[in-house]
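In what follows, a structure is listed as structure tokens, so that the remarks can point back to it.
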Amino acid sequence: MNTELSANTVDVAPGELPFDATLLFKALQYQLLVAIEYCHDLAPNESVWIEVSGDVTVPGITQTEVKYYTDNLTDSHANFWNTVKNWMHKSFSRTSFRRLVLLTTQEFGARSELKGWNERTPAERLEVMENIFASSRAAANKRAAKQEIKVAEHESETTKPTKSLSLQQYVMDPVRRDQLMEVLERMHITTGAADLKQSIHNYQRRFLTMIRPSKCQQFIDDFLGFIWSYKLLSDGWQITQQDFSTKFTELTRQYIKHPDTFPQIDTTALKTTINVEQIKPMLFARKITEFNGEKHLKKAALHRLVAETVISELLTDGVLFKPELDGYMQNHLVQHQFLRERAILDCSELTSQVELEKKSEIFYLERNSTDVAPFCGMDHTRIEFRNGIYHLLAGEESEDEDVQFHWRLW
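Numbering-wise (our numbering), the sequence shown opens with residue 1 and increments by one.
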């Protein structure tokens, strides 16, 4: 029983085209987020299936139809009647589920007889549907009578049943009563479900309290990407409890507030933002060009940007505090100054500026390739980050020669 995720599922805002694909993606993202929430309740050996028996399915337990609407759930709304019709389909194994859930962002209409649905018995639910169907038929008969007069006067053609009435006629046909009762015994309606934006906020607040605030959305995006992966799709779009647990643990370790492992960073994206001509006047760049190291500028700028980005994110999320950062940078400054003084001694007999520049470049490359000291105890601290610390130090202005960071060996 496949649910259509069409532009009709959500309202079209003024100025938007009715076939705007973003509407489909919003509805699908909403469905996948519901699936992720279901995964948190899985027992070992259980799975969530997407678009197999319906929108979101836990075999043998729950089948949920996820509807992303903004109008009200009225008595004749196709959302209700079409969902029931789909569950009545002969190929759908209704009796294999304990619950059939219609989850919708809609609220019940002000005068809807569907209110109180979950508290009613199957027989009472049937009675409500019979009352709605009777009212719909009466209204249709009234319209038909008026139409017959117009037809007799050659003013119009015969009126066809509305889509809603056609659905009701199918569902309420006595020949399908057994199938209908099997649905009503299991059917639960959840109205007023949060919209996509609020659902994401609720998920973050409920499940991601241990994740760095600036990375919560990235965590969700990565998980949605995992669900979209070819592996899951090729396996029938099934998320096992083991697969879910493994991925959730992996992302938690990656984005946790107090990580043991150095955070990942997209250096490819950062590289596209670098303009060498713009950085040449900067102090850290001038200290590289002192030994004719222009060819190293782009990589140096990237490493500096890596350090700036990581530091900014960690400070914002409260993972890093300035005294820790200052201590790490001070250690690198002192170590660098000692190593530079030793390298200068090795060059004491050189008089050629060309040779001094060559030795300085060798010193630069050696310093940028040495082993990395862990940053705040984090494993796998990136060499790009450590080198970026060097360039941040080299970019600091100071009149005190004792605290200046240089690459030149003179």
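Backbone N, C-alpha and C define an ideal beta-carbon position, used for all residues, glycine too.
For R177, the enclosing alpha helix (DSSP H) stretches over residues R177 to L184. Selection I227, S199 and S234 evaluated against Q241 yields I227 as nearest (Cα-Cα).
Leaving aside the five residues that flank T381 on each side, the residues in its chain whose CB is nearer than 6 Å to its CB run, in chain order, F262, V372, P374 and F375. Note that the stretch 287-306 does not touch the stretch 242-261; fewer than 3 beta-carbon pairs, one per stretch, sit closer than 8 Å. In terms of CA proximity to I50, T64 leads the group H40, A43, P174 and T64.
The stretch 216-297 contains, as complete beta strand (DSSP E) runs of 3+ residues, the segments 238-240 (chain order). Cβ-Cβ distances below 6 Å link L33 to S199 in the same chain, with the five nearest sequence neighbours on each side left out; the list follows chain order. Between I389 and A307, the gap from beta carbon to beta carbon is short of 8 Å. When the beta-carbon positions are compared, F405 and L333 come within less than 8 Å of each other. Secondary structure of Q63 (DSSP, three-state): strand. Distances from the alpha-carbon of V403 to those of R286, T62 and E341 put E341 closest. For H303, the secondary structure class from DSSP, reduced to helix, strand or coil, is helix. For K85, the closest C-alpha among the options I239, N368, M187 and N202 is that of M187.
For the pair of segments examined, the stretch 176-187 was found to touch the stretch 85-101: the number of CB pairs separated by less than 8 Å reaches three.
In the structure shown, V171 adopts helical secondary structure according to DSSP, grouped into three states.
When the beta-carbon positions are compared, T74 and L102 stay at least 8 Å from each other. Inclusion of M210 and M172 in the CB contact set at 8 Å is not warranted, their separation being larger than that value. Residue T162 holds the alpha-carbon nearest to the alpha-carbon of A139 among T162, S352 and L126. In this structure, the CA atom of P59 is about 9 Å from the CA atom of S53. Burial is judged here by how many other beta carbons sit within 10 angstroms of a residue's own beta carbon; H201 has fewer than 16 and is exposed.
Within a 10 Å sphere around the beta-carbon of N387 sit 16 or more other beta-carbons, which makes this residue buried. Following the DSSP letters along the chain, one finds S47 inside the beta strand (DSSP E) bounded by residues S47 to I50. Ranked by Cα distance from I220, the options E37, L114 and L24 are led by E37. Here A193 is near T104, since their CB atoms are less than 8 Å apart.
CA-CA distance, G318 to I383, rounds to 23 Å. DSSP lists I256 as the bridge partner or partners of I211. When secondary structure is reduced to three states using DSSP, V372 falls in the coil class, being assigned neither helix nor strand.
When the five nearest sequence neighbours on each side are left out, the beta carbons in the same chain lying within less than 6 Å of the beta carbon of K215 are those of Y255, in order along the chain.
By the Cβ neighbour-count rule, T268 is exposed, with fewer than 16 other Cβ atoms within 10 Å of its own. Between Q106 and D71 the beta-carbon gap is near 7 Å, inside 8 Å, which marks them as a contact. L184 is a Cβ neighbour of R125, given a cutoff of 8 Å. Secondary structure at T309: helix, using DSSP grouped into helix, strand and coil. Pairing E113 with N141 gives a Cβ-Cβ distance that is not under 8 Å.
Rounded to whole angstroms, the gap between the alpha carbons of R212 and K322 is 17 Å. Contiguous alpha helix (DSSP H) elements confined to the stretch 93-168 occur at 122-152, taking only those with 4 or more residues. S164 and S234 have their C-alpha atoms roughly 36 Å apart.
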